[in-house]
Amino acid sequence: MARYGMAIDKRTCMGCASCVVSCKVENKVDETAFRCRIVQRSTGEFPNVHLDIFSERCNQCADAPCVWNCPTGASHYAGGGVVLVAEDLCTGCKACMAACPYDARFINEKGYAEKCTFCLHRVKQGMEPSCVSTCPSRAMIFGDLEDPNGALARTLGARGHRALKAEAGTKPNVFYLE
Amino acid sequence: MERRKFLQIATGGAAAAVGGVVAVWPQAAAGPKLVRKVSTFCELCFWKCGVVATVEDGVVTKLDGHPSHPLSMGRLCPRGNGGTGLLYDPDRLKKPLIRTGKRGGEQFKEASWDEALGYIARKMERIKSEHGPEAMALFTHGHGGSFFGNMLKAYGSPNIAAPSYAQCRGPREVGFQLTFGSGIGSPENTDIANTRFLVLIGSHLGENMHNTQVQEFAECIRRGAKICVVDPRYSVAASKANWYLPIKPGTDIALLMSWVNVLLEEGLYNKEYVDRYGTGLAELRAATKENTPEWAAAITEIPAETIRTVVREMAAAKPAVLVHPGRHVTWYGDDAQRSRAIAILNGLLGSWGSKGGFYLPGGVDIPKYAVPPLPKPARAALDGAGTRYPLADETLASGLCDATLSGSPYPVKGWIVYGTNLVQSLPNPKHTLEAIDRLDLLVVVDVLPAEIAGYADVVLPEATYLERYDDLYAGTFRTPFVALRQPVVKPMYDSRPGWWIARELGLRLGLQQYYPWRDIEQYLDGRLTKMGSSLGQMQKAGVVVYPPEDGTLPADHKFDTPSGKVEFYSKTLAEMGVDAVPKHYAKPEAPEGHLRLLFGRSPLHTFGRTTNNRVMGYVVRENEVWVNNKTAAELGLKQNERVRLVNQDGVKSNAVRARVTNRIRPDCVYMVHGFGHTASKLRHTAGRGASDSELVTRVSVDPLMGGTGMFNNFVRLERGA
Ligand code: SF4
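So the sequence lines, in the order shown, correspond to chains V and R.
Note that this note's numbering has the first sequence beginning at 15, numbered continuously upward.
Note that this note's numbering has the second sequence beginning at 3, numbered continuously upward.
#1: Which same chain residues end up closer than 6 Å to residue 3 of chain R when comparing Cβ atoms and leaving out the 5 residues on each side of it in sequence?
#2: Alpha carbon to alpha carbon, how far is residue 707 of chain R from residue 172 of chain R? Give it in angstroms, no decimals.
#3: Give every residue of the same chain whose Cβ lies closer than 6 Å to the Cβ of residue 201 of chain R, excluding the five residues on either side of it in the sequence, and list them in chain order.
#4: By how many angstroms is the C-alpha of residue 359 of chain R removed from the C-alpha of residue 86 of chain R?
#5: Residue 346 of chain R lies in the alpha helix (DSSP H); which residues open and close that run?
#6: Using a C-beta to C-beta distance shorter than 9 Å, which residues of chain V count as neighbours of residue 211 of chain R?
#7: Ordered along the chain, which non-local residues of its own chain (more than five positions away) have a Cβ less than 7 Å from that of residue 669 of chain R?
#8: Could you tell me whether any non-hydrogen atom of the ligand SF4 is closer than 7 Å to the CB of residue 210 of chain R?
#9: Please report whether the beta-carbon of residue 719 of chain R lies at a distance below 8 Å from any beta-carbon of chain V.
#10: Closer than 9 Å by beta-carbon distance: list the chain R residues that pair up with residue 131 of chain V, in chain order.
#11: First and last residue of the beta strand (DSSP E) that includes residue 158 of chain V?
#12: Return the residues of the region 164-198 of chain R that lie within a Cβ-Cβ distance of less than 9 Å from chain V, sorted by chain order.
#13: Which residue wins for smallest C-alpha separation from residue 286 of chain R, given the options R:268, R:262, R:306, R:494?
#14: Between which residues of its own chain and residue 522 of chain R is the CB-CB distance below 6 Å, once the five residues before and five after are set aside?
#15: In whole angstroms, what separates the C-alpha of residue 75 of chain R from that of residue 164 of chain R?
#16: Give the straight-line distance between the Cα atoms of residue 70 of chain R and residue 40 of chain R, rounded to the nearest whole angstrom.
#17: Name the one or two DSSP bridge partners that residue 200 of chain R has.
#18: Pick out the complete alpha helix (DSSP H) segments inside the region 428-476 of chain R, 4 residues or longer, and give them in chain order.
#19: Using only the heavy atoms of the ligand SF4, determine whether one of them is closer than 7 Å to the beta carbon of residue 602 of chain R.
#20: Would you check if the distance between the CB atom of residue 488 of chain R and the CB atom of residue 42 of chain R is smaller than 8 Å?
#21: Using 8 Å as the threshold, is the region 388-397 of chain R in touch with the region 553-560 of chain R, meaning 3 or more CB pairs across them?
#22: Leaving out the 5 sequence neighbours to the left and right, which residues in its chain are closer than 7 Å to residue 219 of chain R when beta-carbon positions are compared?
#23: Indicate the three-state DSSP secondary structure (helix, strand or coil) for residue 316 of chain R in the structure shown.
#24: When you compare only the Cα positions, how much space is there between residue 27 of chain V and residue 151 of chain V?
#25: Within 10 Å of its beta-carbon, does residue 188 of chain V have 16 or more other beta-carbons around it, so buried, or fewer, so exposed?
#26: Touch check for the region 312-319 of chain R and the region 152-169 of chain R: three-plus C-beta pairs under 8 Å?
#27: Can you find at least 3 beta carbon pairs, one from the region 133-149 of chain R and one from the region 293-308 of chain R, that sit closer than 8 Å?
#28: If we define contact as Cβ-Cβ less than 8 Å, is residue 205 of chain R a contact residue for chain V?
#29: So that I know if they touch, is there some Cβ in chain R lying closer than 8 Å to that of residue 58 of chain V?
#30: Note down, in chain order, every chain R residue with its Cβ under 7 Å from the Cβ of residue 153 of chain V.
#31: Between residue 504 of chain R and the rest of its own chain, which residues show a CB-CB distance below 6 Å, the 5 nearest in sequence each way excluded?
#32: Under 8 Å, with one C-beta from each stretch per pair, do the region 105-123 of chain R and the region 425-443 of chain R reach the 3-pair mark?
#33: Find the residues of chain R that neighbour residue 121 of chain V, judging by a C-beta separation of less than 8 Å, and give them in chain order.
#34: With 8 Å set as the bound, which would you pick, yes or no: does the beta-carbon of residue 667 of chain R sit closer than that to a beta-carbon of chain V?
#35: Roughly how many whole angstroms lie between the Cα atoms of residue 339 of chain R and residue 177 of chain R?
#36: Helix or strand or just coil, what does DSSP make of residue 188 of chain V?
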């Protein structure tokens with residue numbers, strides 16, 4: 015069984031938001047909404063500053079509180095461990111939004127919970143998620159964490175990395191390379 | 003520049019085989035759809051990346067980077083990704099408009115094309131008979147402008163300018179021309195991907211989103227090249243750097259000349275290169291004797307030790323060092339000299355024509371479509387290029403505007419403005435609007451109703467880049483290429499492609515002889531056939547890519563300078579009575595209680611041309627004014643508080659949010675350019691954020707080439723907005 019994951023290289027990510035826009039177009043996201051976002055955090059006092067840039071989205075947690083907290087089973091695991099929302103089961107109750115430690119979800123104009131799907135519809139056709147395929151910095155690596163010879167597992171093996179809010183215990187599958 | 007014939011490889015393996023393919027496949031949920039992929043190139047900015055558009059049942063649903071176009075390599079920047087937001091912008095210009103109210107009042111009546119073009123042609127005929135054809139001027143930006151340029155030349159005017167020269171990259175062209183006998187051009191011939199040491203002077207690559215350069219910047223980081231960023235603001239690029247030098251604004255020349263001083267004093271420069279290719283080293287040495295790091299430290303506020311360390315490391319990486327020339331470089335009015343200082347530094351390191359420095363690009367000559375020789379204008383252009391501004395080698399948009407206002411040396415009575423919002427692209431809009439007041443005719447050709455359209459007598463709605471052909475793009479690059487822009491879908495509303503508008507106007511002006519082609523397909527096919535290709539072939543491929551150039555200097559290379567060498571000392575400048583070696587001069591200082599106003603780019607926006615785009619418009623919906631946290635504390639200013647900027651001449655901006663940050667010097671503020679629209683018909687962006695352009699009321703004009711330096715303006719922050 016594949017377990018899909020993503021590594022994003024903080025060294026080369028420019029925070030340009032190509033991922034954000036490409037995702038929006040690919041998935042026809044509502045006009046004012048996004049499935050991913052750029053977060054910049056700077057510390058220190060000028061000029062001794064450190065800046066971190068994160069391209070953030072659903073972490074496709076292996077232990078996903080949105081899935082256990084969904085009263086109808088709309089939030090579920092699909093192929094590759096990707097968390098999806100089945101719209102026909104979703105009531106828009108927002109329990110998943112309250113449970114998600116990453117603020118990764120929103121209620122769309124149709125009234126359903128929506129979030130990143132790792133572009134599973136593209137992955138099934140042998141393509142990369144839209145954000146990964148357009149990233150001008152080539153800072154994003156998508157792949158199967160279970161494939162030890164794949165670029166993702168090899169990169170994570172070779173480089174220091176961390177997940178966001180790993181302490182929340184949700185076993186996130188998006189990693190940031192230091 | 004090497005130019006080669008197309009024929010050699012038009013049928014070769016380098017041609018891309020994407021695009022043009024018509025395919026049908028069932029889509030599980032929504033039933034079968036007709037899906038087409040069409041290759042073209044982007045126009046969300048001037049970089050012109052290759053694009054593959056997906057069209058489903060006549061709707062453009064996705065834009066992807068063309069995989070084999072050398073400028074995109076399968077990737078697009080956020081703006082390119084959001085191109086459908088322009089195509090489907092509900093605020094687009096839809097019908098030709100003729101003004102009914104007063105100028106600037108945005109009052110128009112809809113007109114047919116025949117009526118609108120007839121109106122313009124009659125006015126242009128009158129201007130020609132009363133004042134001569136030179137009294138018509140054209141301002142243009144973007145790839146589609148060429149057809150209007152040709153039309154105006156055929157009409158008899160030399161007054162054709164793009165703000166991208168005197169308001170943007172002009173100074174660096176002049177600085178490099180003086181030194182290496184060659185400008186930088188676009189795309190820049192910078193070998194960022196292979197450099198071992200990258201220096202960015204005020205250039206915020208990554209926020210300044212030139213797709214190819216950003217791709218190479220990432221590659222440069224991955225390869226572990228050393229990076230030094232010199233900027234009053236801690237940019238994204240600064241966060242990637244080994245050295246961040248928080249320079250005092252306006253002192254870059256002092257820093258650059260102190261680096262020159264160390265290279266010469268410590269004998270660290272590239273002796274072999276300089277001996278072989280250079281001239282004027284003794285004069286350079288004499289002129290920079292006093293420019294020690296200690297001298298520069300007092301001016302730049304960068305410690306002398308840092309200055310020394312950085313340049314020693316730079317020298318260790320030579321010749322694979324790239325002191326980047328930047329792009330928007332009209333800052334302080336001595337910008338051509340600063341660019342020359344950058345060129346001299348690159349020359350000493352031997353980076354021009356070396357791997358990891360500047361490559362010598364290749365190009366392709368596409369034969370022209372045969373037309374009769376264009377008339378020679380009876381009077382020279384009146385912008386001041388080559389006269390008042392002796393080294394300007396392109397027409398000055400600001401010069402045309404000034405001459406319109408002064409009526410000297412001869413009157414200008416009509417403007418055609420194509421693809422540029424002069425109210426924001428020229429500094430000091432008040433001045434621009436006064437010039438517009440002198441006109442008998444203002445025609446605006448554009449896709450969206452920006453401010454300038456509100457002042458037009460006639461507004462002509464152009465089809466977007468996804469709905470039209472334009473002229474071929476022969477790219478000068480490491481791998482030269484020829485690219486085609488073609489319609490992905492048919493023009494919406496009553497919009498028309500630029501080529502059609504220009505040609506129709508030309509025909510109405512009696513210029514039939516210059517239009518021996520019936521339509522654009524015939525024109526393009528005619529050009530392509532002469533190179534052994536065809537329109538059909540290009541429609542499929544989208545781009546044809548040539549094998550890479552070597553890009554390095556041959557041993558006997560003759561530079562296109564008067565001496566044939568790299569000129570460390572410029573006799574041209576000496577003969578003009580100006581500094582033959584760049585010198586630092588102090589810039590105006592902020593009046594009490596004021597901060598220097600700097601501006602730059604967001605990766606999501608191309609000037610003010612994309613702020614109305616609803617696809618990416620919600621990511622960065624308005625600009626902010628960056629204020630250092632200590633400065634903010636002194637002013638009692640809170641995060642996100644709304645303020646107005648009031649400049650030294652009392653001009654007050656729109657209210658704008660304060661971004662209190664540790665990422666800028668305490669003596670400056672910074673804004674992203676292109677916001678603060680007042681055009682009411684740009685419904686998504688009107689009234690959001692503040693315009694830097696209107697605060698730039700002091701323009702420091704470069705005496706060498708007429709560039710409009712814009713960073714000598716100062717603002718105070720007015721609270722309670
Ligand atoms: S850099 Fe971006 S906006 Fe400019 S041409 Fe390329 S994709 Fe289009």
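Using N, Cα and C, we set each Cβ at its ideal position, and we do this for glycine too.
Considering the structure as presented:
#1: With a pLDDT of only 37 at residue 3 of chain R, under 50, the local geometry of the prediction cannot be trusted, and the value read off the model is given with reservation. Result list for residue 3 of chain R: 365, in chain order.
#2: Approximately 8 Å between the Cα atoms of the pair.
#3: Same-chain partners within the cutoff: 230, 325.
#4: Here the C-alpha atom of residue 86 of chain R lies approximately 36 Å from the C-alpha atom of residue 359 of chain R.
#5: For residue 346 of chain R, the enclosing alpha helix (DSSP H) stretches over residues 337-351.
#6: Taking the beta carbon of residue 211 of chain R as reference, the chain V residues within 9 Å of it are 28, 30, 32, 150, listed in sequence order.
#7: Once the five neighbours on either side are set aside, the close Cβ partners of residue 669 of chain R are 592, 597, 598.
#8: Incorrect: residue 210 of chain R has no Cβ contact closer than 7 Å to the ligand SF4.
#9: The Cβ of residue 719 of chain R sits no closer than 8 Å to any Cβ of chain V.
#10: Per Cβ cutoff of 9 Å: no residues; residue 131 of chain V is ~14 Å from chain R at best.
#11: For residue 158 of chain V, the enclosing beta strand (DSSP E) begins and ends at 154-158.
#12: Here the close residues number zero.
#13: Sorting R:268, R:262, R:306, R:494 by C-alpha distance to the C-alpha of residue 286 of chain R places R:262 at the top.
#14: Only 471, 501 meet the Cβ criterion.
#15: Within the model, the alpha-carbon separation for residue 75 of chain R versus residue 164 of chain R is close to 28 Å.
#16: Rounded to the nearest whole angstrom, the C-alpha separation of residue 70 of chain R and residue 40 of chain R is 14 Å.
#17: According to DSSP, which records beta bridges pairwise, residue 200 of chain R is partnered with R:229, R:324.
#18: Qualifying alpha helix (DSSP H) stretches, in chain order: 431-439, 453-456.
#19: No, since every heavy atom of the ligand SF4 falls outside the 7 Å radius drawn around the Cβ of residue 602 of chain R.
#20: Taking the C-beta atoms as reference points, residue 42 of chain R is found nearer than 8 Å to residue 488 of chain R.
#21: The region 388-397 of chain R vs the region 553-560 of chain R: no contact.
#22: Around residue 219 of chain R: 194, 207, 208.
#23: Helix.
#24: Within the model, the alpha-carbon separation for residue 27 of chain V versus residue 151 of chain V is close to 6 Å.
#25: By the 16-neighbour rule on beta-carbons within 10 angstroms, residue 188 of chain V is buried.
#26: The answer is no - the region 152-169 of chain R does not touch the region 312-319 of chain R, with fewer than three Cβ pairs under 8 Å.
#27: No, because fewer than three Cβ pairs between the region 133-149 of chain R and the region 293-308 of chain R fall closer than 8 Å, the two stretches do not touch.
#28: Not one chain V Cβ lies under 8 Å of residue 205 of chain R.
#29: For residue 58 of chain V, the nearest CB of chain R lies under 8 Å from its own CB, placing it at the interface with that chain.
#30: Under the 7 Å cutoff, chain R gives 220.
#31: For residue 504 of chain R, where only same-chain residues beyond five positions count, the Cβ hits under 6 Å are 149, 150, 153.
#32: Yes, the region 105-123 of chain R touches the region 425-443 of chain R.
#33: Within 8 Å Cβ-Cβ: nothing; residue 121 of chain V doesn't reach chain R, min ~16 Å.
#34: Closer than 8 Å to some Cβ of chain V, the Cβ of residue 667 of chain R qualifies, so yes.
#35: Between the alpha carbons of residue 339 of chain R and residue 177 of chain R lies a distance of about 6 Å.
#36: Strand.
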